[in-house]
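Participant:
There are 2 protein chains.
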Amino acid sequence: MQYNLAAEKMPTAWFNALPRMPEPLKPPLHPGTKEPVGPDDLAPLFPMALIEQEMSASPYIDIPGEVLDVLRLWRPTPLRRAIRLEQALGTTARIYYKDESVSPAGSHKPNTAVPQAYYNSKEGIKRLTTETGAGQWGTALSFACAQYGIDAKVYMVRNSFEAKPYRKIIMETWGAECVPSPVDDPSSPGSLGMAISDAVRDAVSRDDTHYALGSVLNHVLLHQTIIGLEAREQLAMAGEKRPDVVIAPCGGGSNLGGVALPFMEDKEVRLLAVEPLSCPTLTQGTYGYDFGDTAGMTPMMEMYTLGADFMPPTIHAGGLRYHGDAPIISSLVHSGRMEAIAYPQSKTFEAAALFAKVEGRLPAPECGHSIRGAIDEAMAAKEAGDDRVILFNYCGHGFLDLAAYDDYNQGRMIDA
Amino acid sequence: MQYNLAAEKMPTAWFNALPRMPEPLKPPLHPGTKEPVGPDDLAPLFPMALIEQEMSASPYIDIPGEVLDVLRLWRPTPLRRAIRLEQALGTTARIYYKDESVSPAGSHKPNTAVPQAYYNSKEGIKRLTTETGAGQWGTALSFACAQYGIDAKVYMVRNSFEAKPYRKIIMETWGAECVPSPVDDPSSPGSLGMAISDAVRDAVSRDDTHYALGSVLNHVLLHQTIIGLEAREQLAMAGEKRPDVVIAPCGGGSNLGGVALPFMEDKEVRLLAVEPLSCPTLTQGTYGYDFGDTAGMTPMMEMYTLGADFMPPTIHAGGLRYHGDAPIISSLVHSGRMEAIAYPQSKTFEAAALFAKVEGRLPAPECGHSIRGAIDEAMAAKEAGDDRVILFNYCGHGFLDLAAYDDYNQGRMIDA
Numbered sequence: 388m389q390y391n392l393a394a395e396k397m398p399t400a401w402f403n404a405l406p407r408m409p410e411p412l413k414p415p416l417h418p419g420t421k422e423p424v425g426p427d428d429l430a431p432l433f434p435m436a437l438i439e440q441e442m443s444a445s446p447y448i449d450i451p452g453e454v455l456d457v458l459r460l461w462r463p464t465p466l467r468r469a470i471r472l473e474q475a476l477g478t479t480a481r482i483y484y485k486d487e488s489v490s491p492a493g494s495h496k497p498n499t500a501v502p503q504a505y506y507n508s509k510e511g512i513k514r515l516t517t518e519t520g521a522g523q524w525g526t527a528l529s530f531a532c533a534q535y536g537i538d539a540k541v542y543m544v545r546n547s548f549e550a551k552p553y554r555k556i557i558m559e560t561w562g563a564e565c566v567p568s569p570v571d572d573p574s575s576p577g578s579l580g581m582a583i584s585d586a587v588r589d590a591v592s593r594d595d596t597h598y599a600l601g602s603v604l605n606h607v608l609l610h611q612t613i614i615g616l617e618a619r620e621q622l623a624m625a626g627e628k629r630p631d632v633v634i635a636p637c638g639g640g641s642n643l644g645g646v647a648l649p650f651m652e653d654k655e656v657r658l659l660a661v662e663p664l665s666c667p668t669l670t671q672g673t674y675g676y677d678f679g680d681t682a683g684m685t686p687m688m689e690m691y692t693l694g695a696d697f698m699p700p701t702i703h704a705g706g707l708r709y710h711g712d713a714p715i716i717s718s719l720v721h722s723g724r725m726e727a728i729a730y731p732q733s734k735t736f737e738a739a740a741l742f743a744k745v746e747g748r749l750p751a752p753e754c755g756h757s758i759r760g761a762i763d764e765a766m767a768a769k770e771a772g773d774d775r776v777i778l779f780n781y782c783g784h785g786f787l788d789l790a791a792y793d794d795y796n797q798g799r800m801i802d803a
Numbered sequence: 388m389q390y391n392l393a394a395e396k397m398p399t400a401w402f403n404a405l406p407r408m409p410e411p412l413k414p415p416l417h418p419g420t421k422e423p424v425g426p427d428d429l430a431p432l433f434p435m436a437l438i439e440q441e442m443s444a445s446p447y448i449d450i451p452g453e454v455l456d457v458l459r460l461w462r463p464t465p466l467r468r469a470i471r472l473e474q475a476l477g478t479t480a481r482i483y484y485k486d487e488s489v490s491p492a493g494s495h496k497p498n499t500a501v502p503q504a505y506y507n508s509k510e511g512i513k514r515l516t517t518e519t520g521a522g523q524w525g526t527a528l529s530f531a532c533a534q535y536g537i538d539a540k541v542y543m544v545r546n547s548f549e550a551k552p553y554r555k556i557i558m559e560t561w562g563a564e565c566v567p568s569p570v571d572d573p574s575s576p577g578s579l580g581m582a583i584s585d586a587v588r589d590a591v592s593r594d595d596t597h598y599a600l601g602s603v604l605n606h607v608l609l610h611q612t613i614i615g616l617e618a619r620e621q622l623a624m625a626g627e628k629r630p631d632v633v634i635a636p637c638g639g640g641s642n643l644g645g646v647a648l649p650f651m652e653d654k655e656v657r658l659l660a661v662e663p664l665s666c667p668t669l670t671q672g673t674y675g676y677d678f679g680d681t682a683g684m685t686p687m688m689e690m691y692t693l694g695a696d697f698m699p700p701t702i703h704a705g706g707l708r709y710h711g712d713a714p715i716i717s718s719l720v721h722s723g724r725m726e727a728i729a730y731p732q733s734k735t736f737e738a739a740a741l742f743a744k745v746e747g748r749l750p751a752p753e754c755g756h757s758i759r760g761a762i763d764e765a766m767a768a769k770e771a772g773d774d775r776v777i778l779f780n781y782c783g784h785g786f787l788d789l790a791a792y793d794d795y796n797q798g799r800m801i802d803a
């Protein structure tokens with residue numbers, strides 16, 4: 388059962404978490420001087436509009452008309468009630484999911500790729516660089532750059548580049564260039580941290596080029612809040628006053644922030660981050676300043692981290708293998724406003740396969756984490772006999788992750 | 388810009404073309420006796436409810452509640468106006484597309500797979516067999532069988548089975564079995580006609596088993612009319628009185644019938660079939676009785692055909708390689724109510740790639756035919772200076788057809 392928002396009801400302003408944080412965020416520090424960075428330090432990488440959003444105290448920030456025009460290619464996205472999943476579980480809970488898989492790139496990533504490409508093109512930038520792991524973010528940015536007529540160059544973690552050629556083909560169809568990273572060592576399998584270093588190095592070397600990051604930063608989470616803002620309206624359409632718990636997978640934190648932040652001020656709403664046990668940043672990391680990349684070129688941010696040189700095992704949910712987490716998410720967990728839980732990947736695929744069978748949709752492995760969390764909440768509701776309202780983010784489809792499903796179906800999946 | 392129908396506005400009855408045909412259809416003939424077949428001849432293959440629908444004279448046929456429950460997993464589907472495509476073409480036309488790619492299987496096919504699985508399970512059938520080419524229909528039937536707890540066995544054309552393992556993995560995730568066809572000759576690349584023979588042979592050999600066909604038959608087109616019925620409501624939401632032309636790709640004819648038939652009685656609406664030049668059934672075939680399969684086991688139907696032993700060249704739009712066409716579609720073309728046009732695949736990929744760039748979505752190769760037709764209509768409108776309203780069916784996404792896009796991007800695509 389789906390709840391569709393009319394096109395004219397699509398939100399026209401983003402929800403800014405910064406002025407509402409229980410504990411104010413500490414400033415990012417310059418990687419060399421360890422002093423707080425100012426707008427000028429960030430200007431070689433980002434347009435001024437995004438730097439302002441990164442530090443803004445406005446409660447809401449208007450979405451430009453030319454961004455709304457592109458978001459309307461797929462937004463508003465459906466909210467669906469997973470009635471058949473509820474029946475399969477025999478739960479007293481009501482389970483809703485926000486379907487971000489209907490975007491051109493098949494995930495929530497275009498929600499921020501589009502405004503990032505827009506603001507850069509508006510300030511005269513002709514070319515963006517970025518990194519990508521499994522390829523979700525790279526495809527999203529390629530799509531967004533095509534909409535505003537600017538070039539995209541994507542540094543893709545080498546082992547994904549070689550093992551998963553499909554997302555590269557999508558990027559090329561949208562006109563982008565995609566190369567394996569690290570560029571200077573063809574024998575290295577690469578990592579997200581290394582690819583960030585490659586993309587940043589390229590961006591600072593050319594005046595016409597900026598860098599774009601697909602998660603972690605405040606402005607990225609800001610752009611993703613359209614997910615939760617829409618979901619809030621759609622839950623009301625479904626006759627729900629509020630969700631009791633909002634759940635999303637957490638890699639860098641952008642899809643989690645997107646669905647959860649608009650509910651942060653309602654104390655009756657629990658917020659739940661789900662991460663892989665093999666990269667347990669929020670549940671086992673240290674809270675403190677760390678670099679965002681491997682080479683130490685990015686500003687240092689206060690966050691939960693496993694260490695900038697942490698090399699997570701290869702798991703199928705490539706989007707959840709980041710050593711750190713968004714400062715906003717980290718702070719909410721640190722202050723106790725948000726909960727976090729970690730699962731081994733076999734448990735997340737078990738949930739994804741059940742979901743595929745009863746609800747029909749094939750989730751991305753990242754999304755399997757969301758579903759695992761939602762199922763366990765629904766079972767807890769059944770045990771307690773309450774009619775909990777569960778909202779989770781369906782952040783992407785699994786049509787490009789079928790080898791992982793084959794491993795699971797054939798009993799070959801291992802927990803790293 | 389999308390026009391979403393509220394869940395409660397989803398049609399609850401299918402539109403039956405049979406009593407409205409300009410020329411009545413001739414009956415199917417028994418492959419052995421060449422006499423008209425009756426319900427009893429079809430009973431080894433199909434449940435009585437579908438046999439009745441195959442010959443029904445009712446103007447509308449109610450959709451059972453248990454079928455509506457499953458369709459609601461993804462329906463109503465969005466109608467979108469392709470404003471950015473219009474702008475790219477500089478056309479005076481308004482272009483709308485009905486997005487059937489949002490279904491669990493990624494195409495329009497589940498619209499009929501679901502009622503077929505339902506009616507069979509209702510009549511006590513425990514197992515369905517079918518054939519599949521590139522895999523769209525096999526995945527759809529696997530999904531549908533999982534919803535009603537019956538088994539599915541899919542005979543997949545061997546060269547697709549070997550070259551495209553992904554759809555098999557999806558079928559297995561939904562619990563189905565998928566084997567290469569022909570089963571008795573591992574050296575043959577196979578064909579859709581051969582796979583039909585394999586599936587029919589299996590079905591007639593077991594009492595608990597029926598056969599399911601994904602296109603061509605009257606009841607299949609009937610189930611697909613929900614596409615056009617929804618689109619009609621959504622065009623009204625967009626302020627359009629009617630489309631001037633309705634366009635869809637034509638393989639067996641089911642997605643074309645689905646979007647076009649509900650408009651057949653409005654003489655001001657042109658209906659346009661688009662087929663590949665390498666399998667030009669409607670534009671170069673013969674109109675007359677022919678078999679549906681290679682082995683001559685299926686009833687003979689009056690239709691446009693290239694001959695049951697026609698072996699089309701391997702093209703990327705695997706769903707459009709059938710030697711025949713639905714009797715309903717064939718008759719509409721024969722009577723002059725429907726137009727048909729054929730394109731080489733390079734022209735359809737050119738259209739698909741443009742669409743992907745400006746509208747963001749990556750179409751299935753079959754769908755590229757629709758888009759080619761829509762673009763050429765839009766250019767004709769620009770030349771004529773009229774404000775033509777164009778509706779086309781976006782019958783599936785291309786996330787599992789990326790090798791074809793790679794061929795196109797790298798200049799390796801050839802016209803067979």
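Sequence order for the protein chains is A and B.
Remember, our numbering sits 387 above the position in the first sequence when you count from 1.
Remember, our numbering sits 387 above the position in the second sequence when you count from 1.
From the three backbone atoms N, C-alpha and C, an ideal C-beta is built for every residue, glycine too.
1) Check the Cβ-Cβ distances between residue 789(A) and every residue of chain B, and say whether any is below 8 Å.
2) With a threshold of 8 Å between beta-carbons, can residue 416(A) be considered close to chain B, or not?
3) Is residue 511(A) close to chain E, meaning its C-beta is less than 8 Å from at least one C-beta of that chain?
4) Would you say residue 816(B) faces chain A, with C-beta separation under 8 Å as the test?
5) Output needed in chain order: residues of the stretch 723-751 of chain B with a Cβ under 7 Å from some Cβ in chain A.
6) Please state if the CB of residue 551(B) and the CB of residue 525(B) are separated by a distance shorter than 8 Å.
7) For a contact meaning CB atoms closer than 7 Å, what does residue 560(A) contact in chain B?
8) Among 650(A), 609(A) and 736(A), which residue has its Cα nearest to the Cα of residue 785(A)?
9) At 4 residues or longer, what runs of the alpha helix (DSSP H) sit wholly inside the stretch 668-693 of chain B?
10) So what's residue 752(B) in DSSP terms, helix, strand or just coil?
11) Just the Cα atoms here: how many angstroms apart are residue 639(B) and residue 408(B)?
12) State the CB to CB distance for the pair residue 651(B) and residue 724(B), rounded to an integer number of angstroms; the pair is presumed to be in contact (CB under 8 Å).
13) Among the residues of its own chain, which have a CB less than 6 Å from the CB of residue 538(A), if the five just before and after it don't count?
14) Going along chain B, which residues have a C-beta under 7 Å from residue 489(A)?
15) Tell me where the alpha helix (DSSP H) around residue 473(B) begins and ends.
16) Kindly indicate which three-state DSSP category residue 628(B) falls into: helix, strand or coil?
17) What three-state label does DSSP hand residue 568(A) in the structure shown?
18) Is residue 342(B) close to chain A? Criterion is C-beta to C-beta, closer than 8 Å.
19) Measuring CB to CB, does residue 780(B) end up less than 8 Å from residue 635(B)?
20) At which residue ranges does the stretch 422-456 of chain A contain complete beta strand (DSSP E) runs of 3 or more residues, listed in the order of the chain?
21) On the three-pair Cβ rule with 8 Å, is the stretch 499-515 of chain A touching the stretch 614-632 of chain A?
22) How far does the beta strand (DSSP E) with residue 541(B) in it reach, from first residue to last?
23) Taking the C-alpha atoms as reference points, what is the distance between residue 767(A) and residue 494(A)?
24) Excluding the five sequence neighbours on either side, which residues of its own chain have a C-beta within less than 7 Å of the C-beta of residue 731(B), listed in chain order?
25) Could you check the C-alpha separation between residue 687(B) and residue 604(B) for me, to the nearest Å?
26) What number of angstroms, rounded off, separates the C-alpha of residue 783(A) from the C-alpha of residue 685(A)?
27) Nearest-angstrom Cα distance between residue 772(A) and residue 738(A)?
28) Whole angstroms is fine: what's the gap from residue 659(B)'s alpha carbon to residue 646(B)'s?
29) Less than 8 Å between the beta carbons of residue 393(A) and residue 777(A), yes or no?
30) With contact counted as at least three CB pairs below 8 Å, one residue from each stretch, are the stretch 546-563 of chain A and the stretch 525-536 of chain A in contact?
31) Would you check if the distance between the CB atom of residue 765(A) and the CB atom of residue 473(A) is smaller than 8 Å?
32) Taking DSSP as the reference, what is the three-state secondary structure of residue 519(B)?
33) Classify residue 605(B) as helix, strand or coil using the three-state DSSP reduction.
34) Taking a contact to mean a Cβ-Cβ separation below 8 Å, would you say residue 713(A) touches residue 602(A) in this structure?
35) So which residues of chain A does residue 553(B) contact, with C-beta pairs closer than 7 Å?
36) Which residues of the stretch 400-413 of chain B have a Cβ closer than 8 Å to any Cβ of chain A? Give them in chain order.
Facilitator: Judging by the given coordinates:
1) Residue 789(A) sits at position 402 when you count from the first residue of the first sequence. Judged by the 8 Å Cβ criterion, residue 789(A) is in contact with chain B.
2) Counted from its first residue, the first sequence places residue 416(A) at position 29. So, not an interface residue.
3) The chain inventory of the structure shown lacks chain E, comprising the protein chains A and B.
4) Any answer about residue 816(B) is impossible in this case: the structure gives chain B only from 388 up to 803.
5) 740, 743, 744, 746, 747, 748 and 749
6) Within the second sequence, the letter at position 138 stands for residue 525(B). Within the second sequence, the letter at position 164 stands for residue 551(B). No, Cβ-Cβ distance for residue 525(B) and residue 551(B) is not below 8 Å.
7) Mapped onto the first sequence, residue 560(A) falls at position 173. Within 7 Å Cβ-Cβ: 740, 743, 749, 792 and 796.
8) One-based indexing of the first sequence puts residue 785(A) at position 398. Of 650(A), 609(A) and 736(A), the residue nearest in Cα terms is 736(A).
9) 668-671
10) Taking the first residue of the second sequence as position 1, residue 752(B) is located at position 365. It is helical.
11) Numbered from its first residue, the second sequence carries residue 639(B) at position 252. Numbered from its first residue, the second sequence carries residue 408(B) at position 21. Each residue's alpha carbon lies about 18 Å from the other.
12) By 1-based counting over the second sequence, the position of residue 651(B) is 264. By 1-based counting over the second sequence, the position of residue 724(B) is 337. With 8 Å as the limit, residue 651(B) and residue 724(B) qualify as a contact, their Cβ atoms being about 7 Å apart.
13) Within the first sequence, residue 538(A) is the residue found at index 151, counting from 1. Same-chain partners within the cutoff: 514.
14) In the first sequence, the residue the question calls residue 489(A) occupies position 102. Going along chain B in sequence order, the residues near residue 489(A) (Cβ under 7 Å) are 489.
15) Counted from its first residue, the second sequence places residue 473(B) at position 86. Residue 473(B) -> alpha helix (DSSP H) spans 470-476.
16) Position 241 of the second sequence, counted from the first residue, corresponds to residue 628(B). Residue 628(B): coil per DSSP, three-state reduction.
17) Residue numbering aside, residue 568(A) sits at position 181 when the first sequence is read from its first letter. In the structure shown, residue 568(A) sits in a strand (DSSP, three-state: E or B).
18) Here chain B has residues from 388 to 803 only, and residue 342(B) is not among them.
19) Here residue 780(B) corresponds to residue number 393 of the second sequence, with the count starting at 1. Here residue 635(B) corresponds to residue number 248 of the second sequence, with the count starting at 1. Cβ atoms of residue 780(B) and residue 635(B): closer than 8 Å.
20) 447-449
21) no
22) On the second sequence, residue 541(B) is found 154 positions in, with the first residue counted as 1. Taken as a continuous stretch (DSSP letters only), the beta strand (DSSP E) holding residue 541(B) covers 538-544.
23) Reading the first sequence from its first residue, position 380 is the one you call residue 767(A). Reading the first sequence from its first residue, position 107 is the one you call residue 494(A). Straight-line Cα distance between these residues: approximately 29 Å.
24) For this step, residue 731(B) is matched to residue 344 along the second sequence. The answer, listed in chain order, is 664 and 802.
25) On the second sequence, residue 687(B) is found 300 positions in, with the first residue counted as 1. On the second sequence, residue 604(B) is found 217 positions in, with the first residue counted as 1. Each residue's alpha carbon lies about 12 Å from the other.
26) Walking along the first sequence from the start, residue 783(A) turns up at place 396. Walking along the first sequence from the start, residue 685(A) turns up at place 298. Looking at the two C-alpha atoms, the distance is approximately 28 Å.
27) The residue labelled residue 772(A) in the question sits at position 385 within the first sequence. The residue labelled residue 738(A) in the question sits at position 351 within the first sequence. Rounded to whole angstroms, residue 772(A) to residue 738(A) spans 22 Å at the Cα level.
28) Within the second sequence, numbered from 1, the residue matching residue 659(B) stands at position 272. Within the second sequence, numbered from 1, the residue matching residue 646(B) stands at position 259. Rounded to whole angstroms, residue 659(B) to residue 646(B) spans 11 Å at the Cα level.
29) By 1-based counting over the first sequence, the position of residue 393(A) is 6. By 1-based counting over the first sequence, the position of residue 777(A) is 390. Contact flag unset, no.
30) yes
31) Taking the first residue of the first sequence as position 1, residue 765(A) is located at position 378. Taking the first residue of the first sequence as position 1, residue 473(A) is located at position 86. Taking 8 Å as the Cβ cut-off, residue 765(A) and residue 473(A) qualify as a contacting pair.
32) Within the second sequence, numbered from 1, the residue matching residue 519(B) stands at position 132. In the structure shown, residue 519(B) sits in a strand (DSSP, three-state: E or B).
33) One-based indexing of the second sequence puts residue 605(B) at position 218. Helix, per DSSP.
34) Taking the first sequence and counting its residues from 1, one reaches residue 713(A) at position 326. Taking the first sequence and counting its residues from 1, one reaches residue 602(A) at position 215. Yes.
35) For the purposes of this step, residue 553(B) is identified with residue 166 of the second sequence, where counting begins at 1. Chain A residues near residue 553(B): 789.
36) none
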